[in-house]
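If you read the sequence shown in UniProt numbering, its first letter stands for residue 1, the second for the next number, and so on.
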Amino acid sequence: MMIIETLKEFGMAILWLFLGYLLGERNKKGSE
């Protein structure tokens, strides 16, 4: 079942992108 493995990898990538975005937004607000 390679599809499940691919979905897992894809989900983790999305999660890290989302976390990075949230951290970037918070840093922008804090610097102002």
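Note that the Cβ used here is the ideal one computed from N, Cα and C, for glycine as well.
Distance between residue j and residue i (C-alpha atoms, nearest Å)
{"i": "Ser31", "j": "Trp16", "result": "23 Å"}
{"i": "Tyr21", "j": "Lys8", "result": "20 Å"}
{"i": "Ile3", "j": "Gly11", "result": "12 Å"}
{"i": "Ile14", "j": "Arg26", "result": "18 Å"}
{"i": "Gly24", "j": "Met1", "result": "36 Å"}
{"i": "Lys29", "j": "Thr6", "result": "35 Å"}
Residue i - containing alpha helix (DSSP H), residue span
{"i": "Met1", "result": "Per DSSP, Met1 belongs to no alpha helix (DSSP H) and is neither H nor E."}
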